[in-house]
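Residue numbers for the sequence shown follow the UniProt record's numbering, beginning at 1 and rising by one.
Structure record follows, encoded as structure tokens.
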Amino acid sequence: MAEIQFDGNTYHNAEGESVLDTLLRNHAQVPWSCRAGLCHSCMLQATDGLIPSAAQIGLTQEQKSDQLFLACQCYPESSLTVQPLRRALQPMQAIITRKNLLSPTLLEVTFSPRLPINYRPGQFLSLSREKEIAGSRYTLISRPWAEPDLRIHVHRKVGGDFSAWLFDEAHQGQMFWLNGLGGECCYHPDDSSAYVVVGVEQGIGAALAVADDIHWHDARVSAQIMLCGELTGHAIPDANTLTVESKKQLPEIATPLLADHKFRDARWLMFGKPKAVLGFAAWLGEQGVPRERVIPLAYRSL
Numbered sequence: 001m002a003e004i005q006f007d008g009n010t011y012h013n014a015e016g017e018s019v020l021d022t023l024l025r026n027h028a029q030v031p032w033s034c035r036a037g038l039c040h041s042c043m044l045q046a047t048d049g050l051i052p053s054a055a056q057i058g059l060t061q062e063q064k065s066d067q068l069f070l071a072c073q074c075y076p077e078s079s080l081t082v083q084p085l086r087r088a089l090q091p092m093q094a095i096i097t098r099k100n101l102l103s104p105t106l107l108e109v110t111f112s113p114r115l116p117i118n119y120r121p122g123q124f125l126s127l128s129r130e131k132e133i134a135g136s137r138y139t140l141i142s143r144p145w146a147e148p149d150l151r152i153h154v155h156r157k158v159g160g161d162f163s164a165w166l167f168d169e170a171h172q173g174q175m176f177w178l179n180g181l182g183g184e185c186c187y188h189p190d191d192s193s194a195y196v197v198v199g200v201e202q203g204i205g206a207a208l209a210v211a212d213d214i215h216w217h218d219a220r221v222s223a224q225i226m227l228c229g230e231l232t233g234h235a236i237p238d239a240n241t242l243t244v245e246s247k248k249q250l251p252e253i254a255t256p257l258l259a260d261h262k263f264r265d266a267r268w269l270m271f272g273k274p275k276a277v278l279g280f281a282a283w284l285g286e287q288g289v290p291r292e293r294v295i296p297l298a299y300r301s302l
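Next up, the structure:
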């Protein structure tokens, strides 16, 4: 039985269990989302031990050289010592500076962290009421070049304790905790490829923020926006935006982009519920889009 060393603790990896499952079973605080090796949310770094090759499928050569791997795809054959990525944010407090109800089920929350945070729109933070709690993950939709505070969109969910607290109890001046900055579903300035940014339902705000980031920093980069769902409360640009009502229509409007030479090697970034974005990511793979060019961020219930 392999042992997993993480954050000063030793966990026993059960037969047929991934590193991610081992850590979650022992209540370790690690980010995760799709469990399919697509979103890269659960990426960790090994400091000792042998990483199975299957745990690095879809990673760049640089990431492999840095001993990074996907915890959800790692079924260790021997003991591993692993750590969060160096970019991980240490817990800090933040204060709510504004709440704006955009619709009965969509709330925009603006908050100010105790210390400045270097981030890109599309990355995520974990929010919690107590420091020791792992927290609920939300995607940053604020534009760091234009606003000092951070913003997120919160969707009211049945059984979502933290989202209910933000909707019904939290107020301006309320303190809470932040931790766990991460995520690769964002603009990468060192990559001059075109982008296709997809937002499905609660992922629309994040998709628009990432598209703004691309346009702000390099207008020469081609960026196509694809949106699916209710658009109320969102400022939708007129140019380079395709909208559909059903996620079943996403392949229909994506097909012409796959044939367009501008988007032949595009990075596909997508935000939304797991079934929608992971299904669309799988379809792109069937069309021959390389796995490393498709980065979905699937939202779990919060």
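The beta carbon of each residue, even a glycine, is placed where N, CA and C say it ideally should be.
Note that the coordinates shown come from a computational prediction; the quantities given were computed from them, not determined experimentally.
ask   = In its own chain, which residues sit with a C-beta less than 6 Å from the C-beta of residue 292, not counting the 5 before and 5 after it?
value = Scanning its chain for C-beta atoms nearer than 6 Å, with the 5 sequence neighbours on each side dropped, one finds around residue 292 the residues 58, in chain order.
inquiry  = Taking the beta strand (DSSP E) that residue 99 belongs to, which residues open and close that run?
reply    = 92-103 is the extent of the beta strand (DSSP E) around residue 99.
key: C-alpha distance - residue 302 paired with residue 78, whole-angstrom precision   = Confidence is the limiting factor: at residue 302 the pLDDT is only 43, short of 50, which leaves the residue's position unreliable, though a coordinate-based value still follows. Distance between the alpha carbons of residue 302 and residue 78: 34 Å.
Proximity below 7 Å, CB of residue 41 to CB of residue 52 = No; because the gap between Cβ atoms is not below 7 Å, this pair is not in contact.
query = What does DSSP give as the partner residues of residue 150 in its beta bridges?
reply = According to DSSP, which records beta bridges pairwise, residue 150 is partnered with 111.
Alpha helix (DSSP H) runs contained entirely in the UniProt domain "2Fe-2S ferredoxin-type" (2-88), provided each spans 4 or more residues = The UniProt domain "2Fe-2S ferredoxin-type" (2-88) contains these whole alpha helix (DSSP H) runs: 19-25 and 61-65.
Residue 301 (DSSP reduced to helix, strand or coil) = In this predicted model, residue 301 has a pLDDT of only 48, less than 50, meaning its place in the structure is not dependable; the value taken from the coordinates is given anyway. Reduced to three states, the DSSP call for residue 301 is coil.
ask   = Per DSSP, what kind of secondary structure is residue 285 in: helix, strand or coil?
value = Note: residue 285 maps to helix in three-state DSSP.
message = If I measure Cβ to Cβ from residue 152 and keep anything under 7 Å in the same chain, skipping five residues before and after, which residues do I get?
response = Correct list, in chain order: 109, 138, 139, 140 and 141.
ask   = Looking only at C-alpha atoms, which of 21, 84, 102 and 188 sits nearest to residue 75?
value = Checking every option, the nearest Cα to that of residue 75 belongs to 21.
ask   = Ordered along the chain, which non-local residues of its own chain (more than five positions away) have a Cβ less than 8 Å from that of residue 92?
value = The answer, listed in chain order, is 113, 114, 115, 177, 178 and 179.
query = Using CA coordinates, which residue listed in 238, 239, 175 and 247 is at the minimum distance from residue 230?
reply = Ranking 238, 239, 175 and 247 by Cα distance to residue 230 puts 247 first.
key: Contact under 7 Å by Cβ, residue 241 with residue 103   = Residue 103 is positioned such that its CB atom lies no closer than 7 Å to that of residue 241.
query = DSSP on residue 183, reduced to helix/strand/coil?
reply = Under the three-state reduction of DSSP output, residue 183 falls in the coil class, being neither helix nor strand.
query = Quick one, are the C-beta atoms of residue 5 and residue 81 less than 7 Å apart?
reply = The Cβ atoms of residue 5 and residue 81 lie closer than 7 Å to each other.
query = In whole angstroms, what separates the C-alpha of residue 274 from that of residue 185?
reply = Within the model, the alpha-carbon separation for residue 274 versus residue 185 is close to 14 Å.
inquiry  = Which residue wins for smallest C-alpha separation from residue 130, given the options 144, 106 and 165?
reply    = Ranking the options by Cα distance to residue 130, first place goes to 165.
key: Through-space distance from residue 122 to residue 209, alpha-carbon basis   = Counting only the Cα atoms, residue 122 lies some 7 Å from residue 209.
request  = Give the range of the alpha helix (DSSP H) segment to which residue 170 is assigned.
outcome  = Residue 170 -> no alpha helix (DSSP H), and no H or E assigned at all.
message = Quick check on the DSSP output: the alpha helix (DSSP H) that includes residue 140 runs from which residue to which?
response = Taken as a continuous stretch (DSSP letters only), residue 140 belongs to no alpha helix (DSSP H), as it is neither H nor E.
ask   = So what does DSSP say about residue 290, is it helix, strand or coil?
value = Coil, per DSSP.
query = For the candidate residues 99, 213 and 281, whose alpha-carbon lies nearest to that of residue 200?
reply = With distances taken between Cα atoms, residue 200 lies closest to 281.
Cβ-based burial, residue 236 [other Cβ within 10 Å; buried from 16] = Classification for residue 236: exposed.
query = Based on the DSSP secondary-structure assignment, which residues constitute the bridge partners of residue 136?
reply = 127.
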